[in-house]
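Residue 168 in the working numbering sits at position 159 of the sequence shown; the count goes up by one each step and never skips.
From the three backbone atoms N, C-alpha and C, an ideal C-beta is built for every residue, glycine too.
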Amino acid sequence: MKIRKRLLELNLPLGKSAFLWGPRKVGKTYWITHNLPGTEMIDLLKTDTLTEYISRPALLRERYQNHKGLIVIDEVQKIPPILDEVHWLIENKGLSFLLTGSSARKVRRGHANLLGGRAWRRTMTPLSYMEVTDFNLERIMVSGLLPPHYLSINPVEDLRSYIADYLKEEIIAEALIQNIPAFNEFLRVAAITSSELINYVNIGRETGVSHKVVRTYFDILEDTYLGFRIPPWKR
10 MKIRKRLLEL NLPLGKSAFL WGPRKVGKTY WITHNLPGTE MIDLLKTDTL TEYISRPALL
70 RERYQNHKGL IVIDEVQKIP PILDEVHWLI ENKGLSFLLT GSSARKVRRG HANLLGGRAW
130 RRTMTPLSYM EVTDFNLERI MVSGLLPPHY LSINPVEDLR SYIADYLKEE IIAEALIQNI
190 PAFNEFLRVA AITSSELINY VNIGRETGVS HKVVRTYFDI LEDTYLGFRI PPWKR
């Protein structure tokens with residue numbers, strides 16, 4: 010199995026900035042490395058870099074106010090206050106940023122400055138049928154279409170690890186959910202009923218929570234780019 014070139018087109022003019030959202034492991038960093046080689050990157054997955062900017066977001070302004078060219082901040086949701094510095098640099102120095110993230114909810118919970126329309130919005134989705142060389146529906150139903158899982162020799166184990174990491178880092182660490190067992194069961198039921206009309210009451214009954222809580226759970230899936238709702242067609 011092979012992957013063709015990703016179809017994402019950034020088309021970012023000089024002086025413009027953009028958010029690039031997408032689920033964990035969808036390939037945002039890989040795409041940037043291969044399509045924007047040599048670009049200045051601030052990788053907030055590196056512990057030392059994260060620690061520096063958490064303690065002093067103003068370091069961004071001090072270090073880059075005279076920078077020429079695009080600056081990438083990877084996993085920007087880890088430090089929502091840094092967006093105030095990004096805003097200042099865009100407004101006062103005309104800098105251009107590409108800001109990647111896997112959780113819009115973390116940014117909103119941090120009361121972050123979303124740049125007030127000064128940045129375009131792009132989303133990287135899992136693979137489409139045009140991006141794989143041998144479209145195998147049975148394989149896709151088992152592995153999903155996140156690149157490392159689709160290409161894995163053991164996608165089931167990789168998916169188990171992905172869910173465990175998701176629960177630990179996106180849900181528990183952010184205190185989004187108090188009832189983790191119920192949310193874990195919700196993930197199973199949501200997967201089974203994927204592509205069907207959503208019945209919040211029935212899903213709540215199966216997971217042991219109210220239909221209002223189920224709606225909140227679906228909101229979390231959307232905010233972390235693990236799923237999206239499609240409105241039904243009506244006459």
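- Straight through space, the alpha carbons of Thr58 and Lys87 are spaced by roughly 11 angstroms.
- Linking Ser152 to His76 through their CA atoms gives a straight-line distance of about 42 angstroms.
- Taking the Cα positions, Lys115 is about 24 angstroms away from Leu154.
- Assigned with DSSP and collapsed to three states, Trp129 falls in strand.
- When DSSP states are grouped into helix, strand and coil, Val35 belongs to the coil group.
- With contacts defined by Cβ atoms closer than 7 angstroms, Pro89 and Tyr234 do not form a contacting pair.
- By a beta-carbon distance limit of 8 angstroms, Glu94 contacts Leu69. Their separation comes to about 4 angstroms.
- Counting along the chain, Phe237 sits inside no beta strand (DSSP E), nor does DSSP assign it H or E at all.
- With contacts defined as CB atoms closer than 7 angstroms, Leu107 and Ala27 qualify as a contacting pair.
- By the C-beta density criterion, Arg72 is exposed, having fewer than 16 other C-beta atoms within 10 angstroms.
- Counting along the chain, the unbroken beta strand (DSSP E) around Ser26 starts and ends at Ser26 to Trp30.
- For the options Gly103, Gln187 and Gly236, the alpha carbon positioned closest to that of Gln74 is the one of Gly103.
- Annotation for Arg238: Ile207, Phe227 and Glu231 place their beta carbon closer than 8 angstroms to its own, counting only its chain and skipping 5 residues before and after.
- Burial is judged here by how many other beta carbons sit within 10 angstroms of a residue's own beta carbon; Phe144 has fewer than 16 and is exposed.
- Boundaries cannot be given for Gly47, as no beta strand (DSSP E) includes it and DSSP labels it neither H nor E.
- In the DSSP assignment, Asp83 falls outside any alpha helix (DSSP H) and lies within the beta strand (DSSP E) extending over Leu79 to Asp83.
- Within the stretch 157-228, complete alpha helix (DSSP H) segments of at least 4 residues are found at 164-174, 189-201 and 209-216, given in chain order.
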